[in-house]
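Read through the structure below, which is laid out as structure tokens, and then see the notes.
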Amino acid sequence: MSQTAGFGKCKKILESEIRHVWEEVKVPLGDRSYDILIGPGLLLDKVKYLKGLEPFTGPFIIADSNVEDYVGHDLVTILQQGGYPGAKLLSFPAGEQSKNMETLVGLARSLVRLGADRSSLLVGLGGGVTGDICGFLASIYMRGVDFIQLPTTLLAQVDSSVGGKTGVDLPEGKNLLGTFAQPRLVLADIGVLCTLPAREIRNGIAEIVKYGMIKDAELFQKLEEQWWDVVNLEPYTTAYLVKRSCQIKAEVVSKDEREGGYRRILNFGHTIGHAIEAASDYTIAHGEAVAIGMVAVSRISVARGLLGRQELERLIKVLEKFDLPVDIPEPITEEEILKNLKRDKKVKDGKVNFILAKGIGDTVVADDVTDREILSAIRQ
Ligand SMILES: NC(=O)c1ccc[n+]([C@@H]2O[C@H](COP(=O)([O-])OP(=O)(O)OC[C@H]3O[C@@H](n4cnc5c(N)ncnc54)[C@H](O)[C@@H]3O)[C@@H](O)[C@H]2O)c1
Ligand SMILES: [Zn+2]
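To convert, count from 1 in the sequence shown and add 223; that's this note's numbering.
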């Protein structure tokens with residue numbers, strides 16, 4: 224993949240000024256239900272979508288230092304000229320290392336200085352880091368204000384902007400402080416993805432492969448057959464992928480908002496994935512670790528007779544098409560991964576819950592996977 228795969232096609236879409244909602248997904252959560260609107264150029268028309276959320280003060284847009292330059296300043300200008308003179312931009316240095324309480328408190332103090340009050344609207348413009356920070360801040364600023372999500376990475380559009388988990392990291396671990404808080408609206412503008420580096424695109428694709436594995440054999444097949452359109456962010460294909468991913472996540476989350484049980488299926492490939500990320504000291508990207516994790520649990524599934532060998536081969540092949548790794552890289556050892564697995568915050572009474580593949584498109588939960596099974600799956 225080139226550094227900015229898809230840029231050409233995306234740019235054309237933006238230049239042709241097509242601004243349409245192509246897909247719409249409803250997240251049914253009673254009086255906290257909201258819509259996800261998907262299509263190209265939505266940010267340019269953002270003023271229109273804000274009307275339904277009035278009255279509010281601001282809006283206060285939160286973006287990281289990259290997104291601030293790519294679209295943040297333009298967006299504030301569009302809003303200021305479109306009837307929201309109070310629109311303001313707050314930014315923080317890009318990267319996971321900013322996802323902490325210091326950043327959160329810094330942003331909160333800026334909000335106070337800028338006059339944000341109980342009726343202010345916060346806007347998370349960026350990837351998952353920004354979305355998680357903005358959602359957390361909105362849920363505690365003056366005991367809670369409204370927020371919307373404008374996800375600008377593929378990962379944020381297919382995963383982190385949906386579901387209501389917010390939070391920041393502690394030195395002791397990721398996402399250890401946070402809340403559940405639902406946005407009023409999510410606008411997934413697929414046009415903004417054109418500046419995404421290839422590695423970030425791959426991170427998002429790994430999550431889409433996950434949705435196919437846990438819930439949707441058709442989506443999985445689409446990834447296999449149209450992988451070229453997928454990596455090139457062909458607009459209609461991208462809109463379809465974002466829609467199906469959001470539908471699947473919304474369906475799971477609406478059945479189990481606070482992760483009582485069912486929501487765990489979203490962790491397919493993640494238990495081992497998180498352990499790999501930690502063992503690599505976070506030099507392996509999340510999507511890469513999840514790809515290796517999905518292959519490992521699928522190998523366990525094959526050994527238990529839940530998944531066919533050919534289906535495992537299909538998973539490996541599709542991940543390789545997207546340049547995603549399928550085996551743990553040197554110098555990470557199996558023992559380190561096992562050690563990190565036991566430290567996972569989701570481990571209960573020393574038992575690790577694994578989501579295993581039951582064919583492509585279905586899962587089963589197992590809490591009796593042995594260390595031997597894990598070691599043999601990651602050693603292959
Ligand atoms: N809340 C949830 O349910 C949930 C789910 C999954 C992941 N997450 C969190 O999401 C975070 C990862 O999200 P991410 O991968 O989006 O990371 P990120 O927000 O750090 O974005 C990745 C990089 O892409 C840049 N970027 C963003 N939009 C861009 C664009 N349009 N063009 C070019 N560059 C752009 C960012 O500046 C950053 O450097 C993690 O902190 C993870 O814990 C949360
Ligand atoms: Zn993930």
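C-beta: ideal position from N, C-alpha, C; glycine also. Please read these numbers as outputs of a predicted model, since none were measured by experiment.
Counting along the chain, I523 sits inside the alpha helix (DSSP H) bounded by residues 509-526. Boundaries of the alpha helix (DSSP H) around D452: 450-454.
Annotated three-state conformation of E291 is helix, per DSSP.
Assignment of N398 by DSSP, reduced to helix, strand and coil, places it in the strand class.
The C-beta distance from L410 to L265 rounds to 5 Å, short enough to meet the 8 Å contact threshold. Beta-bridge analysis with DSSP links D258 to K249, L408. Taking the Cβ of V352 as the reference point, at least one heavy atom of ligand 1 falls within a distance shorter than 8 Å. Residue pairing by DSSP leaves V335 without any beta bridge partner. In this structure I261 is in contact with K466, their Cβ atoms being roughly 6 Å apart against a cut-off of 8 Å. Under the three-state reduction of DSSP, P458 is assigned to helix. For K544, the uninterrupted alpha helix (DSSP H) run begins and ends at 532-544, by DSSP.
In this structure, H493 is the residue among L419, H493, F403, G367 with its C-alpha nearest to the C-alpha of I578. Taken through DSSP and simplified to helix, strand or coil, F283 comes out as strand.
Per DSSP, the unbroken beta strand (DSSP E) holding Q372 starts and ends at 369-374. CA-CA distance, M324 to V391, rounds to 7 Å. When distances are taken from the beta-carbon of E558 to the heavy atoms of ligand 1, even the shortest one reaches 8 Å or more. Within the same chain, Cβ atoms closer than 6 Å to the Cβ of Q303 are found at A310, the five residues on either side in sequence being excluded. Under the DSSP assignment, S599 falls in the alpha helix (DSSP H) whose first and last residues are 594-602.
Per DSSP, reduced to three states, the secondary structure at I578 is strand.
Scanning its chain for C-beta atoms nearer than 8 Å, with the 5 sequence neighbours on each side dropped, one finds around E543 the residues V549, in chain order.
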